[in-house]
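Just so you know, the sequences run in chain order C and L.
Read in order, the letters of the first sequence correspond to residues 181 to 862 in this note's numbering.
Read in order, the letters of the second sequence correspond to residues -9 to 290 in this note's numbering.
Beta carbons: idealized from backbone N, C-alpha and C, even for Gly.
Okay, so here's the structure we're looking at.
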Amino acid sequence: MTWLLAALGLTLAGAVLAFALGSRPVACAWMSTGVGLVAALLGLWPCAGVLAGGAVATFHAPWAMPLGELALRLDALSAFFLVPVFLLGALTALYGSTYLAHAVAPKNLGLAWSAFHLLMASMVVVVLAADGLLFLVAWELTVLASAALVILGGDDEANRHAGWLYLSASHLGTGFLLVLFLLLGRETGSLAFGGFGAAAGLPDGLKGALFLLAVVGFGTKAGFLPLHVWLPEAHPAAPSQVSALMSGVMIKTGIYGLVRVVFFLGHPAAWWGWTLLGIGLVSGILGVLFALAQHDLKRLLAYHSVENIGIIALGLGLGLLGLGAGQPAVAALGLAGGLLHVLNHAVFKGLLFLGAGAVLAETGTRDLDRQGGLLKRMPWTGGTFLVGCLSISGLPPFNGFVSEFLIYFGALLAVMAGPLPLTVAGLLLIVGLSLIGGLAAACFAKAFSVVFLGSPRSAAAAAAGEVALPMRLAMAALALLCLLIALAAPFGLEMLARVVDVHPAFAPAGASTIGVPGPGMGPFVPVPAGSLRHLARAATPFTAIVWGSFLLAALVGGVLAWRRHLLAGREVGATVTWDCGYAGPTARMQYTGSSFAQPLVELFHPVLQTEAHVHGIDGYFPVRARFASHTGDLFLRRFFQPLFHGIGAGLGRLTAFQNGVVQAYVLYITITLVVLLIGGLW
Amino acid sequence: MSAAILPPVLALAGAPLLQGIITRTKAWFAGRRGPPLLQPYYDIAKLLRKGAVYSGTTSWVFRLGPAAGVGVAALCLLFLPLGNLPAPFSFEGDLVFVIYLLALARFLTVIAAMDTGSAFEGMGASREMAFAALAEPALLFGLVAVARQTGRLSLEGLIRPIDVGDWAAHGATLLLVLAGLFLVFLAENSRIPVDDPTTHLELTMIHEVMVLDHGGPDFAFVEYAAALKLWILGALITGIALPVRTGEVAIDLAAMVAGLAGLAVLVGIIESTLVRLRLVQVPHLLIGACSLALLGFLIQ
C-alpha cells in the first residue's frame, strides 16, 4: 500500500506542479510524463503482487468528513482495474508530452496537465476506496477533472456543449449512486465497504432496487445504452490522449462500481442477469451500428466504446445468470470474460484513440472522408492502428479474441448443459456476439482503409508525415500489449480466477454460506468455492490458440517467403490501379467511408435513421451536385431531448412565481411566515 | 493419428477439384464440353509461374492479403474433421476459433482490396463485409445447434458422433440446420444466388471484384485460398449430412469424398438453374439462413 500511496502522492504533486509550470510548456510536459511513468511503476508493483496471490492491503486514516473514513483497500478486483489505469495513464502521458500542445490552447496547457493528473489520481482513489463517501468524492473529482479536459479540448461551442452534456449526464448518474450508497449505508449500518457484504442477506426486493440503482448510476458512466448519450459527444471533443484515457479506463470505473456493488449483493436473482444481458445486446449491437454510420473518426471510436461496454455487460450478465442458475462454470467464464474484456478494451481502445489523435494532429481533421493513403506517410501509426483494429474486431491472434472467446465458451457451456432459460441466454449471447463481431469488423475495415489505404483525399492528408517519437512509442507499446495479452492468456487464467473469487459465491471461505435462503428467497444453490477449476477448462483452448497463432505466423511467413522466392528474377512491374480502362482516375473516385458502410446502414435504416441530403444534377444548367448524410443519436433525439424539453417546459411554468417583482417576493415571505406560524400554533 | 493426417492432406490436394466439378456441371447443363476437371490446378500452376504487377497506390497490406488467406485456410484445416476421420487437433471451442480465423482472412482480403483505392474493389469489399456480418451468426448458430445434439464443443466432437441414429431421432433439426449452413456455404463462397463468380461486370461482383488487381503468384494464392474455403465449409456440411461412420477408413473416406463431389455438383446445378439475387435481397437470404438454424434449434 505504501507504494500506491507514493504513486498517489506523486500524481497529486504532479497536478500542483503542472499548474505552476503552466507558462513553461516543455518543462511541464516532461515533468508530467515523468510523473505518469514513475507513478505507473510505483502503482503497478503492488497490483501485480495482489494479482499474483499476495495479501490484500488496506490503509486507514481519520478524516474530518462526517460519516466518512479515509479507507483504501487493494484486493484482486481493485488491482485488476488499477492495472489499465496506471498502464494507460503512463502511456497517454508519454504520448501527451508532444501531443497535448497541439490539442490545447497554450494558455491552458498547465491547467490541462493539472486536470490530467487530477483525473488519474481520482480514478486511482475510486478503484481503491473502501468507504462510500470517499468513493463518491473521488467519483465527483473524476467527473470534474475530465469535464475540464473535454472543455479545454477546443475553443469552440461544440466543446462547451459536450462538456455541459457530460457534466449533466454524470451528475444525474451520481444522483442515483448517492441514493444507492445511502440505502446501503442505512441497511448495513455504515458507509464502510467492509460492512456492505452484509447486503447479501437483505430481502430480494431491496437487493433488486439496489441493483437497479447501481445499473443506472454506474451505467451512465460506463455508457450503457440508452444512458450513453454524453459519450459520443464528450469523447471526440476531448484531446485524444484524454479520449484514450476516458474511453479506455474512465468509463471502466463505472463497470468497476457495478461489479463491486453486485459482488456485495451476493446471490443474484435471475432477472439481474437478464437485465445486464439485455443491456449488453442492445448496447453492443446498436453501438456498433451507430459507429458504422459515423464519418468522424473519434466519434466512431466513441460509439465503439458503447459496443465494447455492451460486450462486457454480456459477459457479466452471463456470469450472473450462471450464478443464479447454480452453474458455476458458466458464471466463472462469463465473469472472467467480461472482466478480461475490460483490460483488453482499455489497451486497444487506448491505442485506437492515440492513433486517431496522431491522424488528427497531422491532417487537422477527424473527418474520415478527407483522409486516405496515410499508411505510407505514417507507417508506425498505420501499423499500430491496424493492430488495434484487428484486436477490437475480436480477431485472432490479438487480445480482443481472447476475452470474447471466454464469453463464447461460457455461452456454449450454457447452451449445452444449462437449464432452459440459461440455454436461451447462451443462444442470444452467441448470436449477439457474432453479429457484433461481424459488424465491428466491417466498421474497422472501413475506418482503417479509408484513413490509411488508397490515395489521399485531401491536400492535408497528402502532406501528412509521421508523428514524433514519444507518440509512436506509446502506440507501439499498446500494440505490443494487444499481442502479448493474447499470448499470455493461458497464464493469466489464475489471475482472473483471483479476481472472480472476490465474488462471495467463489470465495474460499464463503462457499457454503452464500445463498442461504431467507424468508421468500429462492431455492438454496450451493456453489463450490474457487473459480479456478472452472476457468482451468479454458486453459487447453487458450494454449491451443497460442500455438495456433504461432503456427499462423509461420504459415503466412512461409507463403510470403515462397512468393519472394518465386518472384526472384522475374519481372515485377508497377502500374496504376486498374480502373476499367478509364484514363484519369482521381482520389475522389475512391470508395469513401460512407459508401463502404452504405449496405449495412441501408439495411439497418429503421434504427439508424440516417438523414441524407441529396442535391442531384438536374435542370439544363446543373450546378454542382452535393450529397451529405448525417446520423444523429436516436436516443438523444427521440428520448432525452423531448424528455428534458418537457421537464424544462414544465418548470418554465413556475416562472410565473419568480417574476422579478420585489413586492411579490415579500408577499411569498409573508405567506410562508403566516403558514409556519399557523402550523406552529396548531 | 494416420487417419487424422488424411483430412488436411486431402483438402490441400483436392480443394481445387471441387471448383473443377462445379464448372464441369455448369458446362454440361449449358450443353458444352467445358474445361477439364483439373483446369483449376492448371490455372494455379500457370499463375505461379508468372511475374507480378503491383499498383503504385498499394502498400504492404495489399501484399499481405493473399498470403494470409492461404495461411489462415491451412491453419483451419488442422481443426477440420472429415466425417468420421478425426481432425489432427481439436479443442473445446475450436469452432469459434475457426470461424474467427476465417473472419481474419476476410478482413485482410478486404483491406487488401481497399488498398488499391479502386471504387470497384471498394464495392466488393463493402458488400463482402456487410454480408459476412450476417452470415457469421448463421454459421455459428448452425454449428451450435449440432453441438447441442452431440453434446461436444469441438468441430470434431460435434461432427464425428453424428450417425444414422441421430438422423433417425433428430432428422428434422439436422435438415433445417443443413439448409441454413448450405445458404451460408453459398454466400461465403461467393456462389449464385449471392454472387456470380463468372460475371463480366465488375459492378455486380463481390469476391471477384475484390481481387481485380491481384496477379501472378498472389492471384494463385487467392484462388487456392478460395478453393480451400469451399472445401472447409463443404466438409462441415458433408460431415453432418452423411452419417457414414463405419470405422473403416477407406469406406468413410470414400463416402466423404463422394459427398463433397455431390455437393459441388449441387452447386453447379444451382448455378445453372437459378439467377443471382439482387444485392438488396441477399440480406434476406442470410437472415433466412439464421432463422432456419434457429428453427432447427427450437424443435429439438
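Original post:
By a C-beta neighbour count over all protein chains shown, 10 Å radius and 16 as the cutoff for buried, is ALA639(C) buried or exposed?
Top reply: Within the first sequence, the letter at position 459 stands for residue 639(C). Around the CB of ALA639(C), fewer than 16 other CB atoms lie within 10 Å, so the residue is classed as exposed.
Original post:
Which partner residues does GLU791(C) have in the DSSP bridge list?
Top reply: For this step, residue 791(C) is matched to residue 611 along the first sequence. Assignment of beta-bridge partners to GLU791(C) by DSSP yields HIS810(C).
Original post:
Just reading off the alpha helix (DSSP H) that SER116(L) is part of, what are its end residues?
Top reply: Taking the second sequence and counting its residues from 1, one reaches residue 116(L) at position 126. First-last of the alpha helix (DSSP H) with SER116(L): 109 to 140.
Original post:
In terms of residues, what are the limits of the alpha helix (DSSP H) holding TYR279(C)?
Top reply: In the first sequence, the residue the question calls residue 279(C) occupies position 99. Per DSSP, TYR279(C) is one residue of the alpha helix (DSSP H) stretching across 256 to 283.
Subject >> Residues near LEU197(C) by beta carbon distance below 7 Å, same chain, minus five either side >> reply: Taking the first sequence and counting its residues from 1, one reaches residue 197(C) at position 17. Closer than 7 Å at the Cβ level, and outside the excluded window around LEU197(C), lie MET211.
**OP:** Look up GLY248(C) in the DSSP assignment and say whether it is helix, strand or coil.
**Re:** Start at 1 with the first residue of the first sequence, and residue 248(C) comes out as number 68. Three-state result, GLY248(C): coil.
Original post:
Counting only runs that start and end within the stretch 426 to 474 of chain C, where is the alpha helix (DSSP H) found for 4 or more residues in a row?
Top reply: Whole alpha helix (DSSP H) segments, 4+ residues: 431 to 444, 450 to 472.
**OP:** In angstroms with no decimal places, state the Cα-to-Cα distance between SER729(C) and PRO822(C).
**Re:** Position 549 of the first sequence, counting from 1, holds the residue named residue 729(C). Position 642 of the first sequence, counting from 1, holds the residue named residue 822(C). Spanning the two alpha carbons is a distance of roughly 51 Å.
Subject >> 3 or more residues per run - each beta strand (DSSP E) lying fully within the stretch 826 to 851 of chain C >> reply: Runs found: none.
Original post:
Considering only the beta carbon of each residue, do GLU146(L) and PRO71(L) sit closer than 8 Å?
Top reply: Counting from 1 along the second sequence, the entry for residue 146(L) is found at position 156. Counting from 1 along the second sequence, the entry for residue 71(L) is found at position 81. Remark: C-beta atoms of GLU146(L) and PRO71(L) approach each other more closely than 8 Å.
**OP:** Below 6 Å CB to CB, which residues in the same chain sit around LEU321(C) once its five sequence neighbours on both sides are set aside?
**Re:** As a working mapping, residue 321(C) is identified with position 141 in the first sequence. Excluding residues within five positions, the ones whose Cβ falls inside 6 Å are SER302.
Original post:
What does a CB cutoff of less than 6 Å around ASP84(L) pick up in its chain, not counting 5 residues either side in sequence?
Top reply: In the second sequence, the residue the question calls residue 84(L) occupies position 94. Cβ neighbours of ASP84(L) beyond the five flanking positions: PHE69, SER144, LEU145.
Subject >> Span of the alpha helix (DSSP H) around TYR771(C) >> reply: Against the first sequence, residue 771(C) aligns to sequence position 591. Counting along the chain, no alpha helix (DSSP H) covers TYR771(C), and no H or E run does either.
Original post:
Nearest to LEU288(L) by alpha carbon, out of ILE277(L), PRO(-3)(L), VAL184(L), ALA135(L)?
Top reply: On the second sequence, position 298 is the one that residue 288(L) refers to. Of the listed residues, the one whose Cα sits closest to LEU288(L) is ALA135(L).
Original post:
Should ALA641(C) and ARG550(C) be called a contact, given that it needs their Cβ atoms to be closer than 8 Å?
Top reply: Counting from 1 along the first sequence, the entry for residue 641(C) is found at position 461. Counting from 1 along the first sequence, the entry for residue 550(C) is found at position 370. In this structure, ARG550(C) lies closer than 8 Å to ALA641(C) by Cβ.
Original post:
In its own chain, which residues sit with a C-beta less than 6 Å from the C-beta of ILE277(L), not counting the 5 before and 5 after it?
Top reply: The residue given as residue 277(L) occupies position 287 in the second sequence. Closer than 6 Å at the Cβ level, and outside the excluded window around ILE277(L), lies no residue.
Original post:
So, TRP410(C) versus LEU357(C), is the Cβ gap smaller than 8 Å?
Top reply: Position 230 of the first sequence, counting from 1, holds the residue named residue 410(C). Position 177 of the first sequence, counting from 1, holds the residue named residue 357(C). No, they are not a contact pair.
Original post:
Is the stretch 606 to 616 of chain C close to the stretch 112 to 120 of chain L, with three or more CB pairs under 8 Å?
Top reply: Touching, no.
Subject >> Segment limits, alpha helix (DSSP H) that includes SER262(L) >> reply: For the purposes of this step, residue 262(L) is taken as the residue at position 272 of the second sequence. Run containing SER262(L): 239 to 263, per the alpha helix (DSSP H) assignment.
Subject >> Cβ neighbour criterion (16 or more within 10 Å) applied to ALA1(L) >> reply: As a first step, residue 1(L) is located in the second sequence; it is residue number 11 there, counting from the start. Around the beta-carbon of ALA1(L), 16 or more other beta-carbon atoms lie within 10 Å, marking it buried.
Subject >> PRO6(L): contacting residues in chain C (beta-carbon distance under 7 Å) >> reply: As a first step, residue 6(L) must be located in the second sequence, where it is residue number 16. Within chain C, no residue comes near PRO6(L); the closest Cβ sits about 16 Å away, beyond 7 Å.
Original post:
Checking contacts by CB at 8 Å: is GLY107(L) closer than that to chain C?
Top reply: Taking the second sequence and counting its residues from 1, the one referred to as residue 107(L) is at position 117. With its beta carbon less than 8 Å from one in chain C, GLY107(L) belongs to the interface.
Original post:
At a Cβ threshold of 8 Å, is ALA877(C) touching chain L?
Top reply: Look at the range of chain C in this structure, 181 to 862, and you will see that residue 877(C) is not part of it.
Original post:
What residues of chain L sit near THR720(C), judged by a beta carbon separation below 9 Å?
Top reply: Start at 1 with the first residue of the first sequence, and residue 720(C) comes out as number 540. Neighbours of THR720(C) on chain L, chain order: PHE81, GLU82.
Subject >> Burial state of PHE704(C) (16 or more Cβ within 10 Å) >> reply: Within the first sequence, residue 704(C) is the residue found at index 524, counting from 1. Confidence is the limiting factor: at PHE704(C) the pLDDT is only 44, short of 50, which leaves the residue's position unreliable, though a coordinate-based value still follows. Taking a 10 Å sphere around the C-beta of PHE704(C), we find fewer than 16 other C-beta atoms and assign the residue as exposed.
Original post:
Using the C-alpha atoms, what's the distance from LEU269(L) back to SER692(C)?
Top reply: Counted from its first residue, the first sequence places residue 692(C) at position 512. Counted from its first residue, the second sequence places residue 269(L) at position 279. Bear in mind that the predicted position of SER692(C) carries a pLDDT of just 40, short of 50, making it unreliable; the figure below should be weighed with that in mind. In a straight line, the C-alpha of SER692(C) is about 58 Å away from that of LEU269(L).
Original post:
Using a beta-carbon distance below 8 Å, is PHE628(C) in contact with chain L?
Top reply: One-based indexing of the first sequence puts residue 628(C) at position 448. Nearest CB-CB separation between PHE628(C) and chain L: below the 8 Å threshold.
Original post:
Which residues of chain L have a Cβ atom closer than 9 Å to the Cβ of PHE528(C), listed in chain order?
Top reply: Taking the first sequence and counting its residues from 1, the one referred to as residue 528(C) is at position 348. The contacting residues do not exist; PHE528(C) stays about 15 Å from chain L at best.
**OP:** Return the Cβ separation of GLY868(C) and LEU456(C) in integer angstroms, given the expectation that the two are a contact with Cβ distance under 8 Å.
**Re:** Absent from the model: residue 868(C). The displayed extent of chain C is 181 to 862, so no value can be given.
**OP:** Please work out which residues of its chain come closer than 8 Å, Cβ to Cβ, to ALA217(L), disregarding the five sequence neighbours upstream and downstream, and give them in chain order.
**Re:** If you number the second sequence from 1, residue 217(L) lands on position 227. Excluding residues within five positions, the ones whose Cβ falls inside 8 Å are ALA5, PRO6, LEU8, GLN9, PRO30.
**OP:** Apply the 10 Å Cβ neighbour rule to MET245(C) and answer buried if 16 or more other Cβ atoms are within range, or exposed otherwise.
**Re:** Translated into positions along the first sequence, residue 245(C) becomes position 65. Under a 10 Å Cβ-count criterion, MET245(C) is classified as exposed, with fewer than 16 other Cβ atoms of the shown protein chains found around its own Cβ.
Subject >> Exposure of LEU184(C), with buried meaning 16 or more beta-carbon neighbours within 10 Å >> reply: Taking the first residue of the first sequence as position 1, residue 184(C) is located at position 4. With 16 or more other Cβ atoms inside 10 Å of its own Cβ, LEU184(C) counts as buried.
Subject >> Nearest neighbour of LEU75(L), chosen from GLY112(L), PRO(-2)(L), GLY21(L), ALA103(L) [CA to CA] >> reply: By 1-based counting over the second sequence, the position of residue 75(L) is 85. Among GLY112(L), PRO(-2)(L), GLY21(L), ALA103(L), the Cα nearest to that of LEU75(L) is on PRO(-2)(L).
**OP:** Output the distance between the C-alpha atoms of ALA295(C) and ALA327(C), rounded to the nearest integer angstrom.
**Re:** Along the first sequence, read from residue 1 onward, the residue named residue 295(C) stands at position 115. Along the first sequence, read from residue 1 onward, the residue named residue 327(C) stands at position 147. Rounded to whole angstroms, ALA295(C) and ALA327(C) show a C-alpha spacing of 9 Å.
Subject >> Contacts around ALA(-6)(L), its chain only, beta-carbon distance under 6 Å, and the 5 residues preceding and following it disregarded >> reply: Translated into the one-based positions of the second sequence, residue -6(L) becomes position 4. Excluding sequence neighbours, ALA(-6)(L) sits near PRO76, PRO78.
**OP:** Kindly list the residues whose CB is nearer than 8 Å to the CB of GLY214(C), restricted to its own chain and excluding five residues on each side of it in sequence; keep chain order.
**Re:** Mapped onto the first sequence, residue 214(C) falls at position 34. None.
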